[in-house]
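Chains as they are written, first to last, in the working numbering: chain A, 5 to 368; chain B, 5 to 368.
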C-alpha cells in the first residue's frame, strides 16, 4: 500500500528517520560510555523498545505498571518504572512482574517503601528501589542530600528490597530554549546529584544507577560524569516543541530528525486563505503547542477543535485541494502517540510495517 | 465494588447527575417543541446514546464515519454526520451504512456532493445531505445565502441524494462567557440562517432539518423559532470550561450538573504545600484548561505533565495523604473521554455499571 492510500487521521512513522535517530543515540551513548534506557512513555510499544535494545539500549523506562506489564510481555527483561507506584493493587502487579523480569521503581516516601516491601514479600519477589530526588523539576522526589540517605537506609532495612541508586531527572530543563541556560540548569542539578551520591557513599550506599536526562539535555548529563544512565525517549520521534530548542550557535537543533507525523486530509476549503483538515484534539495533543504542517510552505495550523484542524494559507502557499493529504509534525509526541492505536511505518512512500501502540491508554 | 476500590486513573460517571442532565434536556426540548439530536462526539458510546433516545432524543450526531458505524451497530437508527466526509474509502463506508440506517451528512463543496452521490450509487443507497453554512464559527461551511442555495440545487440534481436542510452550528459562541454576548452571537447567526432558509424556500427547497446549537447556547436557538433541532452534547457530562459560562445574573451557570470525573490517586507529597496525582495529559485533555479538583477545598491542579498532575495546597486545604483518591472535573469533556476505555458508573459510592467508550479513537 502506498502512503497516499493510507486513510486519515493516522500516525505515520518515517522508518528511515526513526532508524537514523536510534542509531545516532546509540552511537552517542557508546562514545560517552554511558547506558541508555529509553523512556517507553514516548512510544508505548514493545516493538520500538526491541529496536532500541538491539541498537544498544540496556532496557526501558516507563511510568505505569500497565506499561511495564506490556513491555515485559513483549520481551523486555529490564524495566525501570521511573515513577512512584502507590496502592496495594498496583504494587501486587509490580511484585508479580518482578518474578518475571528485572524491575526497578522509584520512591520519595517512607510509607511507600514499606508498602512496596509488603507486596514483594507477598510474591516472594525482590524489587530494586531508587530514591527519586527533586533536582529542579519541582514535581516528585525528596530534596537532594540527607532526605535521600534516610530513604536509602529505610530501603536497606526492608527484606525484599534492594537499594538501586538515584532517579534524578530535571524535567523542567528539557525545554529551556537557550543552549547555555539548559547547560546551566543541568550543571546545577548535577551538583545536587553529586552531593547526594557522596553522602550516600559515606553511609555505605553504592548507586548502581544514577539515572535521568531527557532529549533536551542528555549530552550535558552524559558529559558530567555524574549520571551513568540516560532516559531520553522523545529523540526517536521528535516533535515541534523539541524543534524549538537552540544549539550552541543559537540555531534550532536538528540533531535528530522528525520521524513521527500525523497524516490528515483536507476536508473543507471554504475560502482562498482557509482550509480545514480532519486532525484536531483527538489526533494531536496540543498541550505543548499546535502541530506544524510539514512539506508544504506557508500553510499554518492555527487552531484545533475536537476533530478539526484549521489551516491558514499565507501568500506563498500553493493552493491545496479538498481530499489532499498533509503530514503534520505533532506539537508533543508522547500524548499524541497515546491517541492512536497504530504506527503506520513508511519507507520510500510505501507502508512497510504496522505496529500496535500496545500500551496506549495503559495508564493504571 | 465501592468507588474507593476503583483503581486510578479512571473515568467516573456520577449516574444520578448524568440521568438528571438527560432528563432536564429532554424536558427542555419537549417544552420548546424542538428536536434534540445529542452529539455523540462527546460520549462515543451507544449506551449513552440509547439513554438519550429513551428520554426523547430523535437520534445522534457524530463527526466521523467510524463513530456512525459504531452507533448504528449499537442500535441507533438515525445518525447525522455533522461534518464533511471526504474520499472514496470513507464515503463507501458511509453509503454502506446508509443501507442500514437513516444517515445524513454535511457538505460545503460541489465536488464533494458528486463524490457522495457516486458512493451512494455504488451501494444503491440514498443519503440525505445537509448544506453546512458558516454562521460565525469560521471553520467549515459555505457562506449563508446564495452559495447554500447553489449547493442545494446541486444536491437535487444527484440521483441518490436528498436535500435535508441546513447544518448551522455557531461553535465559537458556545464559550462566550457573558450571557448577553452569547445571546447576541446566536441572534446574529439566526438572522443568517433565516435568510438562507428564505432563499432556499424561494428556490423551492424545504429544510427538513435546520440543525445546530451546543450546550452553551441551545436555549437561544430553541427560542429563535429558526432552528428545529438541537445538537447539544456536553450537557450530559459538563466540564470545567462550560462551568465558566455565566447566566443572566452574571453567575456561573449550574443548570446541568457535573457528572463526569477523573478518578486519581495522590502518589507523591514532597512538601507541605505540594502534591502530585497520577492523572496528567494522558488522563485529562487540557486544551480548554486544566482540570479542577472536586470535593476538597483550596487544592488546585496547577500543571500537568504526561502522567502527573501537580497540585498546590492553599492555606485552607485540609492535608491530603499519599494513596488518597481525588475526583477531578475535566477541563474539556470530549477529548478527555477519548483518552479512556471505560466509563465507571457510580451511584451512592458503589460501581453500578461499566460501559465501554466504544468509539474511542475511532477518528477515521
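Just so you know, even glycine gets a beta-carbon here, dropped at the ideal spot from N, CA and C.
_Inter-residue Cα distance where the pair is residue 328/A and residue 291/B_ = Walking along the first chain from the start, residue 328/A turns up at place 324. Walking along the second chain from the start, residue 291/B turns up at place 287. Spanning the two alpha carbons is a distance of roughly 27 Å.
*Straight-line CA distance for residue 156/B to residue 209/B?*
Start at 1 with the first residue of the second chain, and residue 156/B comes out as number 152. Start at 1 with the first residue of the second chain, and residue 209/B comes out as number 205. Spanning the two alpha carbons is a distance of roughly 8 Å.
*Cross-chain neighbours of residue 285/B in chain A, by beta carbon under 7 Å*: Indexing the second chain from 1 puts residue 285/B at position 281. What residue 285/B touches in chain A: 289, 291 and 339.
*Residues of the region 43 to 77 of chain A with a CB closer than 7 Å to any CB of chain D: list them in chain order, please.*
Here the protein chains are A and B, and chain D is not one of them.
_Give the list of continuous alpha helix (DSSP H) stretches no shorter than 4 residues that lie fully inside the region 22 to 71 of chain A._
44 to 47 and 50 to 58
*asked:* Short of 8 Å in beta carbon distance, which residues of its chain neighbour residue 207/A, apart from the five on each side in sequence? Order them along the chain.
replied: Locating residue 207/A in the first chain gives position 203, where the first residue counts as 1. 153, 156 and 157, listed in sequence order.
*Segment contact, 8 Å Cβ cut-off, at least three pairs: the region 224 to 231 of chain B with the region 177 to 194 of chain B*: yes
_Give me the subset of the region 243 to 273 of chain A whose CB atoms are less than 8 Å from a CB atom of chain B, sorted by chain position._
269, 270, 271, 272 and 273
*Within 10 angstroms of its Cβ, does residue 21/A collect 16 or more other Cβ (buried), or is it exposed?*
What you label residue 21/A is simply residue 17 of the first chain in a count that begins at 1. Buried, because 16 or more other Cβ atoms sit within 10 Å of the Cβ of residue 21/A.
*Which residues in the same chain have their Cβ closer than 6 Å to the Cβ of residue 313/B, if we skip the five residues on either side of it in sequence?*
On the second chain, residue 313/B is found 309 positions in, with the first residue counted as 1. Closer than 6 Å at Cβ, skipping near neighbours: 281, 283, 284 and 305.
*asked:* Which same chain residues end up closer than 8 Å to residue 346/B when comparing Cβ atoms and leaving out the 5 residues on each side of it in sequence?
replied: Within the second chain, residue 346/B is the residue found at index 342, counting from 1. Once the five neighbours on either side are set aside, the close Cβ partners of residue 346/B are 14, 15, 358, 359, 360 and 361.
*asked:* For residue 294/A and residue 130/A, what's the separation of their Cα atoms in angstroms?
replied: Residue mapping note: residue 294/A aligns to position 290 of the first chain, counting from 1. Residue mapping note: residue 130/A aligns to position 126 of the first chain, counting from 1. Near 44 Å, if we compare the C-alpha coordinates of residue 130/A and residue 294/A.
_Nearest-angstrom Cβ-Cβ length linking residue 289/B and residue 340/B, presumed shorter than 8 Å_ = Residue mapping note: residue 289/B aligns to position 285 of the second chain, counting from 1. Residue mapping note: residue 340/B aligns to position 336 of the second chain, counting from 1. The Cβ separation is near 5 Å, so the contact holds.
*Identify which residue in 92/A, 141/A and 151/A has its Cα closest to the Cα of residue 126/A.*
Working through the first chain from its first residue, we reach residue 126/A at position 122. Minimum Cα distance to residue 126/A is reached at 92/A.
_Quick check on DSSP: helix, strand or coil for residue 106/B?_
Here residue 106/B is taken as the residue at index 102 of the second chain, counted from 1. Reduced to three states, the DSSP call for residue 106/B is strand.
_With distance defined between alpha-carbon atoms, name the residue in 349/B, 273/B, 54/B and 238/B nearest to residue 146/A._
Working through the first chain from its first residue, we reach residue 146/A at position 142. When only C-alpha atoms are compared, the closest one is 273/B.
*If you scan the region 270 to 349 of chain A from start to end, which runs of the alpha helix (DSSP H) of 4 or more residues do you find wholly inside it?*
337 to 341
*How many angstroms separate the CA atom of residue 287/B from the CA atom of residue 69/A?*
Translated into positions along the second chain, residue 287/B becomes position 283. Translated into positions along the first chain, residue 69/A becomes position 65. The alpha-carbon atoms of residue 287/B and residue 69/A are separated by roughly 15 Å.
*Sufficient close CB pairs (3 or more, under 8 Å) joining the region 49 to 64 of chain A to the region 133 to 146 of chain A*: no
*asked:* In the DSSP assignment, the alpha helix (DSSP H) including residue 201/A goes from what residue to what residue?
replied: Mapped onto the first chain, residue 201/A falls at position 197. 183 to 206 is the span of the alpha helix (DSSP H), which, as asked, contains residue 201/A.
_So with CB distances below 8 Å, who are the chain B contacts of residue 296/A?_
On the first chain, position 292 is the one that residue 296/A refers to. By Cβ distance, chain B contributes nothing, its closest Cβ being about 17 Å from residue 296/A, past 8 Å.
_Close beta carbons around residue 317/B, own chain, < 6 Å, minus the five adjacent residues each side_ = Taking the second chain and counting its residues from 1, the one referred to as residue 317/B is at position 313. Same-chain partners within the cutoff: 277 and 303.
*Starting from residue 82/A, follow the beta strand (DSSP E) in both directions and report where the run begins and ends.*
Locating residue 82/A in the first chain gives position 78, where the first residue counts as 1. Element bounds for residue 82/A: 82 to 88.
*For chain A, find out if any of its Cβ atoms is closer than 9 Å to the Cβ of residue 333/B; answer yes or no.*
Here residue 333/B corresponds to residue number 329 of the second chain, with the count starting at 1. Closer than 9 Å: no.
*Give the residues of chain A in contact with residue 299/B, contact being defined as C-beta atoms less than 9 Å apart.*
Taking the first residue of the second chain as position 1, residue 299/B is located at position 295. Simply none; closest approach about 19 Å.
*Please classify residue 49/B: is it buried, with 16 or more other beta-carbons within 10 angstroms of its beta-carbon, or exposed?*
Residue numbering aside, residue 49/B sits at position 45 when the second chain is read from its first letter. Buried, by the Cβ-count rule.
*Where residue 163/A and residue 103/A are concerned, what is the direct C-alpha to C-alpha distance, given to the nearest angstrom?*
Here residue 163/A refers to the residue found at position 159 of the first chain. Here residue 103/A refers to the residue found at position 99 of the first chain. Cα to Cα, residue 163/A sits roughly 16 Å from residue 103/A.
*Give a yes or no on whether 9 Å exceeds the smallest Cβ distance from residue 215/A to chain B.*
The count along the first chain starts at 1 and reaches residue 215/A at position 211. For residue 215/A, the answer is no, since every Cβ of chain B falls outside 9 Å of its Cβ.
*Go through its chain and collect everything with a Cβ distance to residue 228/A's Cβ below 6 Å, but skip five positions before and after it.*
As a position in the first chain, residue 228/A is number 224, starting the count at 1. Counting only Cβ-Cβ distances below 6 Å, and skipping sequence neighbours, we find 194.
*Between the region 119 to 142 of chain A and chain B, which residues of the former have a C-beta closer than 7 Å to a C-beta of the latter?*
138
*By a C-beta neighbour count over all protein chains shown, 10 Å radius and 16 as the cutoff for buried, is residue 67/A buried or exposed?*
Within the first chain, numbered from 1, the residue matching residue 67/A stands at position 63. With 16 or more other Cβ atoms within 10 Å, it is buried.
_Please report the distance separating the alpha-carbon of residue 264/A from that of residue 242/A._
Numbered from its first residue, the first chain carries residue 264/A at position 260. Numbered from its first residue, the first chain carries residue 242/A at position 238. Taking the straight line joining both Cα atoms gives about 7 Å.
*Please compile the residues from chain A whose C-beta is within a distance smaller than 9 Å of the C-beta of residue 85/B.*
Here residue 85/B is taken as the residue at index 81 of the second chain, counted from 1. The contacting residues do not exist; residue 85/B stays about 11 Å from chain A at best.
*Cβ of residue 240/B less than 9 Å from any chain A Cβ?*
For the purposes of this step, residue 240/B is taken as residue 236 along the second chain, with counting starting at 1. It does not: the Cβ of residue 240/B has no partner Cβ on chain A nearer than 9 Å.
*Scan the region 84 to 108 of chain B for residues whose Cβ lies nearer than 8 Å to a Cβ of chain A and list them as they occur along the chain.*
87, 88, 89, 90, 91, 93 and 94
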